[in-house]
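Heads up: the protein sequence lines correspond to chains A and B, in order. The first sequence begins at 307 in this note's numbering and counts up by one. The second sequence begins at 5 in this note's numbering and counts up by one. Even for Gly, the Cβ is constructed at its ideal location relative to N, Cα and C. Computed from a prediction, not measured in an experiment: that's the story for all the values here. Working notes, structure below.
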Amino acid sequence: MSMVLNPRRLDDVVILDLSGRITMGEGTLILRDRIQKLLAAGDRKFLLNLADVDYIDSSGLGELVTSFTTVRNHGGQLKLLNLTRRVQDLLQITKLLTVFEVFNNEAEALKTLK
Amino acid sequence: MTSGGWRSFELTIPSRLEEMEAVHALIAEAVEEYSLNSEMAHWIELTISESMINAIQHGNKADPAKQATLRISSSGDAIEIIVEDEGKGFTLDKIADPTDKANLLKPSGRGILIIRSFMDEVDLSQREGGGSRLRMVKKLRGDHGADPQ
């Protein structure tokens, strides 16, 4: 199953609900394209909800990093929400947990983006 | 092909990412043959996928005239995976550490780390006549692998 991305908005925060697989190719391009369009439209606060992502490869991890740096370079913030254990393990192995702010509760995450 | 009662699997593909669909299909067959649980199946799929993408992109430079070969076999207490390419080769020790602070925000370079973190053995050698051969072994414990029929 390739990746599906559904955006929703709470005030000035864009929550991107991702599901499926974030892998080299289509999955990473969908995310990159959407983030760039939202940045161009003026959005600066992003929450990636990975609750339904059970498979991510090194290219997918790279795309999360690229999204993070792209948003930060525009003066914005990008945080992660609801990691599955497998994705959490990968972020641990690659030490990306030291890069991203990660939340298990959407309301808590939103508070930090206000 | 069988090895000690378990089937072995082999696939040779031209170096195009579109061919990864066949790789995933072969992995699914192997996962079923070896009765791997979902956790083991996930990591086996991820590490094989990473190694084949490395072979296609970095080994063979995505040249479709060059081939990448995958072999999967099991002795019952371990799974052995061999990935071969026709590239110029590389040295595992010379790959930059992606967890180094200077590399953390780079978009690539994490595949070998993921492979090494999951596999029990990872050896890279040069093939006679050119190309690289990556051999990986994952030991099976508990309910990861079932007895052959």
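- Message: So, for proline 68 of chain B: in the same chain, excluding its five sequence neighbours on each side, which residues have a beta-carbon less than 7 Å away from its beta-carbon?
- Response: Stepping through the second sequence from its first residue, residue 68 of chain B is reached at position 64. Correct list, in chain order: Pro18, Ser19 and Arg20.
- Message: On the DSSP letters alone, give me the boundaries of the alpha helix (DSSP H) that arginine 58 of chain B sits inside.
- Response: Stepping through the second sequence from its first residue, residue 58 of chain B is reached at position 54. According to the sequence provided, residue 58 of chain B is asparagine. The question's arginine does not apply to it. It spans 42 to 58 - the alpha helix (DSSP H) in which asparagine 58 of chain B sits, taken as one unbroken run.
- Query: Does the Cβ-Cβ distance between arginine 137 of chain B and glutamate 84 of chain B come in under 8 Å?
  - Reply: For this step, residue 137 of chain B is matched to residue 133 along the second sequence. For this step, residue 84 of chain B is matched to residue 80 along the second sequence. In this structure, glutamate 84 of chain B does not lie closer than 8 Å to arginine 137 of chain B by Cβ.
- Task: Determine the contact status of serine 365 of chain A and threonine 334 of chain A, defining contact as a CB-CB distance below 8 Å.
- Result: In the first sequence, counting from the first residue as 1, residue 365 of chain A sits at position 59. In the first sequence, counting from the first residue as 1, residue 334 of chain A sits at position 28. Yes. Within cutoff.
- Are the C-beta of methionine 309 of chain A and some C-beta of chain B separated by less than 8 Å? Looking up residue 309 of chain A in the first sequence gives position 3. So, not an interface residue.
- Query: Based on the DSSP secondary-structure assignment, which residues constitute the bridge partners of aspartate 323 of chain A?
  - Reply: One-based indexing of the first sequence puts residue 323 of chain A at position 17. A:Asn312 and A:Asn355.
- Task: May I have a chain-ordered list of the alpha helix (DSSP H) segments no shorter than 4 residues that lie completely inside the region 102 to 149 of chain B?
- Result: 115 to 122
- Any idea if glycine 115 of chain B is buried or exposed, counting beta-carbon neighbours within 10 angstroms, 16 or more meaning buried? Mapped onto the second sequence, residue 115 of chain B falls at position 111. Buried is the call here.
- Measure the Cβ-Cβ separation of leucine 416 of chain A and valine 320 of chain A and say whether it is below 8 Å. Residue numbering aside, residue 416 of chain A sits at position 110 when the first sequence is read from its first letter. Residue numbering aside, residue 320 of chain A sits at position 14 when the first sequence is read from its first letter. No, the pair does not count as a contact, with Cβ atoms beyond the cut-off.
- Run through DSSP, which three-state label would leucine 15 of chain B get? Here the question's residue 15 of chain B lines up with position 11 in the second sequence. Strand.
- Query: Does any CB atom of chain B fall closer than 8 Å to the CB of lysine 385 of chain A?
  - Reply: On the first sequence, residue 385 of chain A is found 79 positions in, with the first residue counted as 1. False, the Cβ-Cβ gap to chain B never drops below 8 Å.
- Query: What is the C-beta distance between lysine 160 of chain B and glycine 91 of chain B, in whole angstroms, given that I count them as a contact (C-beta under 8 Å)?
  - Reply: In the structure as shown, chain B starts at 5 and stops at 153, and residue 160 of chain B therefore has no counterpart that could be examined.
- Item | Residues that threonine 73 of chain B bridges to, as DSSP identifies them | Working through the second sequence from its first residue, we reach residue 73 of chain B at position 69. The partner list for threonine 73 of chain B (beta bridge, DSSP) reads B:Thr16 and B:Glu88.
- Task: Rank B:Glu88, B:Leu117 and B:Asp104 by C-alpha distance to the C-alpha of leucine 396 of chain A and give the top, closest one.
- Result: Within the first sequence, residue 396 of chain A is the residue found at index 90, counting from 1. If we check each option's Cα against that of leucine 396 of chain A, B:Leu117 comes out closest.
- For isoleucine 86 of chain B, which option in B:Gly9, B:Arg75 and B:Pro102 has the closest C-alpha, if you only look at C-alpha atoms? By one-based count along the second sequence, residue 86 of chain B stands at place 82. Ranking B:Gly9, B:Arg75 and B:Pro102 by Cα distance to isoleucine 86 of chain B puts B:Arg75 first.
- Task: Please report the Cβ distance between glutamate 88 of chain B and threonine 73 of chain B, rounded to the nearest whole angstrom; I am assuming they are in contact, meaning their Cβ atoms lie under 8 Å.
- Result: Here residue 88 of chain B refers to the residue found at position 84 of the second sequence. Here residue 73 of chain B refers to the residue found at position 69 of the second sequence. Correct: roughly 4 Å between the Cβ atoms.
- Does the region 26 to 46 of chain B come close enough to the region 404 to 414 of chain A that 3 or more CB-CB pairs lie under 8 Å? no
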